[in-house]
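Residue numbers (my numbering): 139 to 538.
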């Protein structure tokens, strides 16, 4: 397919709508395939297990996302620059597809639909490499992709699934048998490190969280409790969950706030770790070493620390955070503005939960990934972000 033409917007939309119909019609078969994956899973990783589950609601979300993408504006051919040279050259810069996008992911069969659909709508050929724990779900969904393509008289090569072992995957990354223009890993830090180490083409780092909440001295403690509990416990497998809480030493009634926070966390079965200033609290365990500040837990675990001021909080977040999301809880708007400007994260919040760092919540209609890189895009990557650009120059014999 190296010489393939870009599919028209109508062709791509027809495939998405056909896929939506097929996913809806085959809901029961998808649920059965997923039930088999769940029964076969023998691991103890809570995040992997949580991401593995496909229920009726999730199937409905897949169908909804496909319809939304079909309705969205075509991201290709968008004029970014239109320049008339003094010698008469007409120079235009327009958006263009990457070419072939490889998505490597763990668990999460919904990636096989939603992420692939965004990349497909953006005009790219899709190569998928899912984890063995979701093999039955993924193969069923890829079969539906191929049926949708065939029903629209389009080659099934536009969506390819790789059934490779880890060793085979490493070999593929090091020396791919086909041209791969971009790789997007969706999973934990080990997967991301594996891809970055072995890939020989651009990689967009996606999904590492390790997000922080800073409770300022001027915080509304009721809001702080509400936000921390939501960000930590609503979905522990999400990269937008919170792992670290920093509390200003001058917070009024700090002891009462910490006692209430610890009680709420323990009631939700969250294991609590703390620095030296916090470890004296009941049911808080002293952290073993500073490396824990770097960790993304994806589990019912949290670390609470104390800082002298917002500058210390910013330094700690910029040192240890994953570059994903960070929150300041305060009634001081100037303090919030300074914090949000200085913190090095893709999404910064004032008095709101990190759980909103999501393409759908940010008005993108969906997301391929949440990039913690600064190139080529940062934060939730929606349909309009999975494009590159191309220059078109029109002349009538100009030379330089």
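Every residue, glycine too, gets a C-beta built ideally from N, C-alpha and C.
| task | Examine chain D for any beta-carbon lying closer than 8 Å to the beta-carbon of residue 240, and answer yes or no. | result | Protein chain content of the structure displayed is limited to a single chain, and chain D is not contained in it.
| request: Just the C-alpha distance for residue 140 and residue 212, rounded to the nearest angstrom, thanks. | output: Any answer about residue 140 is weak, because its pLDDT of 42 lies below 50 and its placement is not dependable; what the coordinates show is given next. For residue 140 and residue 212, the distance between alpha carbons rounds to 22 Å.
| message | Three Cβ pairs or more, each shorter than 8 Å: is that satisfied between the region 268-275 and the region 199-213? | response | no
| Reduced DSSP category for residue 411 - H, G, I as helix; E, B as strand; rest coil | strand
| Between the beta-carbon of residue 251 and the beta-carbon of residue 207, is there less than 8 Å? | no
| How many angstroms separate the CA atom of residue 224 from the CA atom of residue 468? | 54 Å
| task | Identify which residue in 397, 438, 314, 517 has its Cα closest to the Cα of residue 419. | result | 397
| message | Less than 8 Å between the C-beta atoms of residue 495 and residue 461, yes or no? | response | no
| Span of the beta strand (DSSP E) around residue 440 | 439-445
| So, using beta-carbon positions, are residue 473 and residue 358 closer together than 8 Å? | no
| task | Figure out for me which residue from 490, 218, 378 has the closest Cα to the Cα of residue 361. | result | 490
| task | Tell me whether the beta-carbon of residue 298 lies closer than 8 Å to the beta-carbon of residue 265. | result | yes
| request: Pick out whichever of 167, 385, 342 has its Cα sitting closest to the Cα of residue 282. | output: 167
| request: Evaluate residue 148 with the Cβ neighbour count: other Cβ atoms within 10 Å of its Cβ, from every protein chain shown; 16 or more gives buried, anything less gives exposed. | output: exposed
| query | With C-beta atoms as the reference, is residue 185 less than 8 Å away from residue 374? | reply | yes
| query | How far does the beta strand (DSSP E) with residue 479 in it reach, from first residue to last? | reply | Not the beta strand (DSSP E): residue 479 falls in the alpha helix (DSSP H), residues 471-480.
| query | With DSSP run on the structure shown, which of helix, strand or coil describes residue 270? | reply | helix
| query | residue 439 and residue 411: beta carbons closer than 8 Å? | reply | yes
| field | Distance between residue 143 and residue 255 (C-alpha atoms, nearest Å) | value | 18 Å
| What's the C-alpha gap between residue 504 and residue 536? | 45 Å
| request: Would you grab the beta carbon distance between residue 233 and residue 317 for me? Rounded to a whole angstrom, and I think it's under 8 Å. | output: At roughly 20 Å, the Cβ-Cβ gap does not stay under 8 Å, so residue 233 and residue 317 are not in contact.
| Secondary structure of residue 427, DSSP reduced to three states | coil
| From residue 498 to residue 277, what distance separates their C-alpha atoms? | 26 Å
| query | With C-beta atoms as the reference, is residue 368 less than 8 Å away from residue 493? | reply | yes
| request: Grab the span of the beta strand (DSSP E) containing residue 241 for me, first residue to last. | output: 238-243
| query | Taking three-plus beta-carbon pairs below 8 Å as touching, is the region 190-203 in contact with the region 283-296? | reply | no
| task | Please report the Cβ distance between residue 456 and residue 482, rounded to the nearest whole angstrom; I am assuming they are in contact, meaning their Cβ atoms lie under 8 Å. | result | 5 Å
| message | Taking 6 Å as the limit between beta carbons, can you name the residues of its chain near residue 529, skipping five residues before and five after? | response | 231
| residue 449 lies in the alpha helix (DSSP H); which residues open and close that run? | 448-458
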